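Just so you know, we're using the numbering used here here: the sequence shown kicks off at 3 and counts up by one.
Quick reminder that beta carbons are idealized off the backbone N, C-alpha and C, glycines included.
None of the values given here were measured: they were computed from a predicted structure.
Step one of this worksheet: look at the structure below.
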Amino acid sequence: MLSLRFSDYKLECGTDEAGRGCLAGPVTASAVILPGNFELPKLNDSKQLSEKVRDYLKPIIEEKVISFSVTHIEPIIIDKINILNASIKAMQECVLKLNPTPLYIIVDGNRFKPINDIPYSTIVKGDSKFMSIAAASVLAKTYRDEYMNKIHEEFPMYNWKQNKGYPTLEHREAIRKYGTTKYHRMSFKLLPEQIKLDF
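Structural data, given as structure tokens:
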């Protein structure tokens, strides 16, 4: 059973990211502030939900929340500041977009950086413990999937519509065959024998 609040603040937001382990595409974060009467029986950590259930929950979450936001951080930034910092930056930007401004932040995972002196807590597996983080995880995942479906049309040979940029065998074989795109994260190990690969 997911809990509604971690703190005593009514304007508490939960934030989470999706796509951290991918070879291509952005890392995408969402932040959500939930009302005190929020209920959504099927809500859970997005990784535990089917695509069909996530797509079903997305418009309900957007309608029921006090505020939500989504941020994509592109591969060029990921390569510049590394994936951990890019993930934190995405979540920070989401928090800054919320209106009203939250008074407390709960973050999925164990790393975050202070933002505008708003108190926060990091919670390992928070997306399976707190509704706001779970809701943020669903939005981050569905918005990122939409993004990957869109760029799939531009580069269909990588089948991002199916693998969403994750390091599947199919994705790596396509990189080996066709090389890289502007959407690939060049700081990642794109192929097991990266040293031999001539871009």
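Residue i burial status per 10 Å Cβ neighbour count (16 or more: buried)
i	result
M150	buried
T124	exposed
V126	exposed
L141	buried
Q50	exposed
I78	exposed
E175	exposed
K143	buried
Same chain, Cβ closer than 6 Å to residue i, neighbours up to 5 away in sequence not counted
i	result
L105	Y11 and L13
L192	L25 and I177
H154	W162 and K163
N112	T124 and V126
L6	M133
Secondary structure of residue i, DSSP reduced to three states
i	result
S189	coil
F201	Confidence is the limiting factor: at F201 the pLDDT is only 49, short of 50, which leaves the residue's position unreliable, though a coordinate-based value still follows. Looking at F201 - three-state DSSP - the assignment turns out to be coil, as it is neither helix nor strand.
I68	coil
V140	helix
V126	coil
L51	coil
K166	coil
P61	helix
K179	helix
Neighbourhood of residue i by C-beta, 7 Å cutoff - its chain only, sequence neighbours within 5 removed
i	result
E76	P28
G21	G27, P28, V29, T30, R146 and G167
Cβ neighbours of residue i in the same chain (closer than 8 Å, five flanking residues each side left out)
i	result
N84	S189
Residue i Cβ short of 8 Å to the ligand SAM heavy atom set
i	result
S134	This structure lacks the ligand SAM; in fact it carries no ligand of any kind.
CB-CB length for residue i against residue j, believed under 8 Å
i	j	result
M131	L4	Sequence inspection shows Lys at residue 131; the Met mentioned does not correspond to that position. Yes, K131 and L4 are in contact; Cβ-Cβ is about 7 Å, under 8 Å.
D47	S139	6 Å
Report the residue ranges of all beta strand (DSSP E) runs contained in full by the segment 3-47; include only those spanning at least 3 residues, in chain order. The qualifying runs are 14-20 and 29-35.
Enumerated in chain order, which unbroken segments of the alpha helix (DSSP H) with a length of 4 residues or greater are wholly contained in the segment 73-139? DSSP runs (the alpha helix (DSSP H)) wholly in the segment 73-139: 77-83 and 85-99.
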